[in-house]
Structure formats: structure tokens, C-alpha cells
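Residues -27 to -1, 1 to 250 in mature numbering (1 follows the signal peptide of the UniProt record, and there is no 0) are what the sequence shown spells out, letter by letter.
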Amino acid sequence: MTITWTTARAAAVSASALLALCGQVLAQAGEAQPKVTDPHFKIAPGYLRQSDLPNSLVLLGPPPEKGTAALARDEEARRATLPLRDSARWKLAFTDADLAFRQAAENFSCAMGVRIGAEQTPRLYAMMQKMLSDFGLSTYGVKNRYNRVRPFVVHNEATCRADQEAILRSDGSYPSGHTAAGWGWALVFAQINPERSNELLKRGLEFGQSRVICNAHWQSDVDAGRIMGAATTARLMTDPVFLADLKAAKAEVEAAKAKRADPVPDCSAEAAALSEQ
């Protein structure tokens, strides 16, 4: 995969467009909303009302403080990723950082064994976008309260996504919204395609670890993001509209599996990247 200036510029423009959409949808929601500083989240109405989302202020404690063993663990986890910079795994973290569609769907297509897209699996594709809003918004109570500084800012370094750094500087690091989305998606996907549950859950875990590898999040941000992803998934499982979409998505995936269509052309490259430690 070649990362060009054109690609990075397009992503930056896309982020600006998403930010504009974000404001429109928040206004349409008609209820108090958290301050959302990452334009990837709330780009479409989610399944859940704000009052029905799990409360991160109840479920999570504060981020690690200076001089604690927890912060030392964060630093150790960060140092462990240094050899991966500019590797194939680093480049995969670059793609994982893109929550815009269709890329967000393609990030999980290899693990699903079916290409997730607007044409082949339209119901599942739309579900992903709606769930993204719920997963992302679930993190903002704690994000806004603590506004934790990200590791690339603390260490005056770069991330794997130079085009996103301006947004990340003003968006709290703890918990990781990307991780909440990735883990929540994986939990739902494992129900849709249980035969691929191990691959899907592994991909969900690695999706979160991409945030540490990218130097955009601390390990404790990722750990907390997984808690919020799981909590939001549990709440989604009580929503009748979501459950109807879940049933339809299962049928879509079964039909796609029966056609034996190839998911995406570079699954071997993804597998090789994920094998790097």
C-alpha cells in the first residue's frame, strides 16, 4: 500500500466534510449532546438516544496520573511499538485510523470473509455507520471531562496519520473512540457470522491496538475504549430496530457466503501485517 500526499489530502478534506455533517445531525437530534470534537462520530443518526447510551462517567475512572504504575504501563506499551514504525503494521494502522466509509467497512472485510459494502451487503454497511455514532458518542462524557493529552503531543512526535493530527490535538485521548467502534463492530460481526468469530474478534482487538501503534492513543485509552464498545453493544441488543437490522444483516452475509465471492484483494497483505510484532 502506497500512502501518497493526494491520499492524505483527500482524507483531510473528508474530515472537514464530516465535521460539517456532524453539526447538522447534532442539531436534528433535538436533545442535549456532548461536545464532539472528532468528526468521524455522529455523522449519521445512531440507533440510541443520548440518554440511552452507556455512561462513561459511571463505567470508567479517570485516566492514569503522572507517577503511577498505570502511566508507566502506558509508556512501556508505547515503547514496545517503536520498532513497528514505517512497517507494514504501521501502514495498516494508517488504514485503520480511517473511519470514513467505505474504508471503515473494508477494514473488516477480510475477517468477515465477505466484502462489506453498499452493493453486496447494504443493510450491514448501513448498520456500521449507525453503530459508529453510538460507539463514538458513548466515549465523550469522559473525553470531555479529562481531555487527556495524546502520546504524540506529550512526546512531540508524529502519528501514522499526519492529516488527522490537528483534529486529534483538540480531541481527548481517553477513552479511544476508534477502539470503541472497532471492538463494538467486532462483537456484532461475530454474531452475524459466528463461523468467523475468532477472526473477527481478533481483528477487533488489533483495530484498537492500531491506535497505540499509530502513536495516537495510550494503551489505557484503548482498554477503556473496549469497555465502552462492549457496553454500547450490550445496550444495542435491547433495541428492536437494531435487532431487525441484525437479522437482515445475517441473511445478507449468508447469501454473500453462498456466492463464494472474494472479500477484498489484499487479505494476504493484511494477514502479513498483523503477524508483525
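Note that beta-carbon positions come from the ideal geometry of N, C-alpha and C, so glycine has one too.
Given the structure is predicted, the values throughout are model-derived calculations rather than measurements.
query                                                                                                : result
Spatially closest choice to A228 from R58, L32, T94, by CA coordinates                               : T94
The alpha helix (DSSP H) enclosing R142, as first and last residue numbers                           : 138 to 142
Pairwise C-alpha distance: D218 and R123                                                             : 36 Å
8 Å contact criterion, which R62 and A246 should meet: CB distance rounded                           : 5 Å
Status (buried if at least 16 other CB within 10 Å, exposed otherwise) for H128                      : exposed
Buried or exposed by the 16-neighbour rule on C-beta atoms within 10 Å, applied to E179              : buried
Distance, V115 Cα to A197 Cα                                                                         : 10 Å
Where the alpha helix (DSSP H) through Q23 begins and ends                                           : That residue, Q23, is in no alpha helix (DSSP H); it is neither H nor E in DSSP.
Cβ neighbours of R176 in the same chain (closer than 7 Å, five flanking residues each side left out) : F81, A84, A159
Nearest-angstrom Cβ-Cβ length linking L26 and S149, presumed shorter than 8 Å                        : In fact, because the Cβ distance is near 16 Å, the residues do not count as touching under 8 Å.
Per-residue DSSP class, three states only, for A246                                                  : helix
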